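Protein sequence lines, in the order shown, are assigned to chains A and B.
Per my numbering, the first sequence runs over residues 5 to 609.
Per my numbering, the second sequence runs over residues 863 to 1043.
All residues carry an ideal CB built from backbone N, CA and C; glycine is no exception.
Owing to the predicted nature of the structure, the values given are computational and were not obtained by experimental measurement.
Working notes, beginning with the structure itself.
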Amino acid sequence: MTNASELRTGAQILCEALIREGVEVMFGIPGGAIMPFYHAMWEYRDRLRHVLCRHEQGAGHAAEGYARASGRVGVCIATSGPGATNLVTPIADAWMDSTPLVAITGQVSSALLGTDAFQETDITGITIPITKHGYLVTDARDIPRVVREAFHLASTGRPGPVLIDVTKDAQQTRVAPNWDVELDLPGYQFFTDPTPHAVHAAATLLAGAVKPLILAGNGVIQSGASRQLLAFAEATRVPVITTLHGKGAFPEDHELALGMPGMHGWVHVNRAIQECDLLINIGGRFDDRVTGKASTFAPKARIVHVDVDGSEIGKLVRADVGIVGDAREVLSELLRLVVADATLLREAGRDDGRFRTRALWLAEIRQMQTEHKPRQAYAQRPHTAALMPHDVYDALDASLRDRTDGRGARVITDVGQHQMWAAQLIEWRKPRTHITSGGAGTMGFAVPAALGAALACPDETIWVVVGDGGFQMTNQELATIRQERVHNVKVAIINNGYLGMVRQWQELFEGRRYSGTPLSGPCFARLADAYGLRGLTVERTEDVRDAIALAWDHHESVVIDFRVEREANVFPMVPAGKSIGEMITARHEPNDCNDRNNHHETLRT
Amino acid sequence: MKHTLTALLQDRPGALNRTVSLFRRRGFNIESLSVAPSETPGLSRVTIVVDEPNIDRVVKQFTRLIEVVDVSETTSQRAVERETALVKVQPRGVTPAELTALGAAAGARVVDADEAAMIFEITDTPDTVATFVHGLRELGLVAVTRTGRVVMPRGEVPLAIPTTSVPFTSQADGASDDVAA
């Protein structure tokens, strides 16, 4: 017989299961179908912190920000129906960016399932295409196993979001929990250790390569392989490109660091890709924003593709050698082979000529770089005294360099022009310092994600760089920041009064028909003030530095409204669907040129 | 190019939904789909005929599903392929007796008959079944139910078999070099 005192409600079991998984913070909003869980949560509040967000989308992105900053699983909570559907966007975002996330949703009682009950939505069905896995729990006894499986699935292999939908009666039923549960996942396999044969094949290709490149993606950061990447690059003298999500995987002040490829990558990076004879992609998935027209990508190169998810290999770009494995394990193995090879050469008294050829290759790339300087488009100022966006980035980048000797800092960006400027103009040096919505491109990501990052890293400064469009999608989470006494979020709004990236496309490709892109907003400084935070407005270049310094030093969270030049563009740019060999590097000022069809300076390589 | 995939699927709510959803959103065209219990309790055997040039991509994506225990592709040279059809006919221009004889010649048997209609059952290779069904179109065919293809490899070649060991590691605390100083 079970002792009555051992009986726990499903909701209590859920709390205890989360604590057993090491969860400390959860982001959510209560509602009818999840109320038993909130009722139980109160008993565990000293161990399980709940952060009440203002919208479930904010709760989901906050959990993502927490996960991306810490490397741990983020947890978000919503009730059934609209609560759950409001989580769909962050779940999709986590799916596209392989972010470990467990989303817990309340569901109507099992007796009502399928009857179109009040606030009933088939959220497990809705999220099938955007989750790694999903559970509908109707029996409290399943909760220990389901939670354990969910965290295992979310955090291992290629991480991703897992949904746990729990019916109200399963939360209420009292049962004796069985914590001695086995994972029941016979179909779940992932391979961290690569096959020796594949690694050997990659090392052989590298040994014969004259113009090799490393392309480092999200997988390097997710697996914690930055140190191994640095050692491998230095041992082989192979230059390193970092994708948007690879930013921070390799220090950009390193002599072998080249920068970002793709649609808004630097000219010398894209040219190097088109010229290289070997491309080693570690933990990147050849997104179309990286490759441009995939059939024209790296035409002279053999491709080595390393990914923990075997289905990515050969999906978009052919792979001459595919290695399924964890980036850290693969890099360690590759390094071991390379070092052994070099030792053999040395012992045989032979000179390793590869270092000389690779020095020539790097010099060739640097020569391209002097011809097409990374920031050259931003050196041209319009004939106004307007505050230019890159003035803000220059000051922020300098302050990040000066201020992060002791304590760390993270930068969370949203989606659009400001995001690309941040990727281009801030020098990224450490993993998990650059957090953005990449694959899904979710505007509204940044402010709530910063809330999550701020709770994951309470001793660090969390900068948000966000456009005025994205900011207005989720700025209600400033109230959450205030209520939770989060003091370390510093928001820099790059405010140009447009949905800027769409406007840029309209300018470049649609004859300046600014359809649906001009955007007004409130006075953001006063809005911040209304939320009880410090708000600043900056309109002149000479005030940028002081405002940023004030934000660093202020004891509360801060919002700075940088009113920048309205029609500044992100350059270089590869038009969508074009080869990365075709880049628009600058645009003439409209008043300099009457022919509107010939404004672009296009490079073809 | 048509390919036949067999898989073992955990018999859980939503497993089939996930399978079909995957094929839909990746744009893989399902020609036939058959699901029924396998020799292992708790696992269903799925046979999917898919029209997709890059079958490797289908297999990789299909394997990713958590409830899919194993996937293998079978080819007609190495496997027995069968399909069953039930065909209802209201004889037109032929007598029921002639039709019965015709069916018997094709290996089909009459499983139900009254004055109005008769039902044939045929189990054979998918091509033969298709030919038989096509032949009845001119002779009063009114309805067809087909099971879709099922396959069994010849000899000792295994079909999809479950793997047993599941590697387990607890949640990583974030790797050591992940901390921004």
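Membership of B:M980 in any alpha helix (DSSP H) is not indicated; the residue belongs instead to the beta strand (DSSP E) covering 980–986. Cβ atoms of A:D356 and A:L349 come within 8 angstroms of each other, at about 5 angstroms. Interface flag for B:Q952 against chain A is unset, since no Cβ pair is found closer than 8 angstroms. Cβ-Cβ separation between B:D873 and B:S906: approximately 5 angstroms, consistent with a contact (criterion under 8 angstroms). Of the residues A:L482, A:V469, A:H201, the one whose Cα lies closest to the Cα of A:R530 is A:L482. Within the same chain, Cβ atoms closer than 8 angstroms to the Cβ of A:S336 are found at Q232, the five residues on either side in sequence being excluded.
Cβ neighbours of A:D565 within its own chain (closer than 6 angstroms, five residues either side excluded): I497, N499, F528, A529, T541. By the Cβ rule, the segment 103–115 of chain A counts as touching the segment 30–43 of chain A, because three or more pairs are nearer than 8 angstroms. Within the segment 907–988 of chain B, the complete beta strand (DSSP E) runs of at least 3 residues fall at 930–936, 941–951, 971–975, 980–986. Within chain B, the residues whose beta carbon sits less than 7 angstroms from that of A:S315 are K922, Q923, R926, listed in sequence order. For A:T131, the closest C-alpha among the options A:W99, A:T119, A:A115, A:L116 is that of A:W99. For A:Y518, there is no enclosing alpha helix (DSSP H), as DSSP marks it with neither H nor E.
Its Cα nearest to that of A:H438, the residue A:V469 stands out among A:L18, A:P522, A:V469. Spanning the alpha carbons of A:V563 and A:T446 requires a straight line of approximately 21 angstroms. Along the segment 128–160 of chain A, going in chain order, the ones with a CB nearer than 8 angstroms to a CB of chain B are T128, G129, I132, P133, K136, H137, G138, L140, F155, H156, L157, S159, T160. Cβ neighbours of A:K304 within its own chain (closer than 6 angstroms, five residues either side excluded): D281.
Under the 8 angstroms Cβ criterion, the segment 936–949 of chain B counts as touching the segment 977–995 of chain B, having at least three qualifying pairs. With respect to the 8 angstroms criterion, A:R149 and A:D188 are classified as neighbours on the basis of their beta carbons. Residue burial annotation: A:I430 is buried, with at least 16 other C-beta atoms found within 10 angstroms of its C-beta. Beyond the five residues adjoining it in sequence on each side, A:I369 comes within less than 7 angstroms, by CB distance, of P243, L262, H272, A276 in the same chain, given in chain order. According to the DSSP assignment, A:P165 belongs to no alpha helix (DSSP H) but to the beta strand (DSSP E) extending over 165–171. Fewer than three beta-carbon pairs drawn from the segment 173–190 of chain A and the segment 301–320 of chain A are found closer than 8 angstroms, and the two stretches are therefore not classed as touching. Neighbours of B:G876 across chain A, judged by C-beta separation under 8 angstroms: T128, G129, I132, G138, L140.
Within the segment 367–384 of chain A, no residue places its CB atom closer than 9 angstroms to a CB of chain B.
Of A:T246, A:E488, A:Y70, A:I23, the smallest CA-CA separation from A:E47 is found for A:I23. Ranked by how close their Cα comes to the Cα of A:V294, the residues A:V321, A:G26, A:E186, A:V308 have A:V321 in first place. Contact between A:V308 and A:L209 is confirmed by a C-beta separation of about 6 angstroms, below the 8 angstroms threshold. Residues are counted here when their Cβ sits less than 7 angstroms from a Cβ of chain B; for the segment 229–254 of chain A these are S230, R231, given in chain order.
Closer than 8 angstroms to the CB of A:K494 there is not a single CB belonging to chain B.
Taking 8 angstroms as the cut-off, the beta carbon of A:V495 is found no closer than this to the beta carbon of A:A458. Counting C-beta pairs with one atom in each stretch, the segment 203–223 of chain A and the segment 60–80 of chain A have fewer than three that are closer than 8 angstroms, which means they do not touch. Taking C-beta separations shorter than 8 angstroms and ignoring five residues to either side along the sequence, the partners of A:I95 in its chain run G64, L105, A107, T131, I134, T135, P165, L167, following chain order. Looking at the DSSP output, B:P1015 shares a beta bridge with B:A941. Under DSSP, the beta-bridge partners assigned to A:C80 are A:F31, A:A107.
Closest in alpha carbon position to A:S519, among A:Y502, A:P526, A:G525, A:A534, is A:Y502. Within chain A, the residues I132, P133 have their CB atoms less than 7 angstroms from the CB of B:S883, given in chain order.
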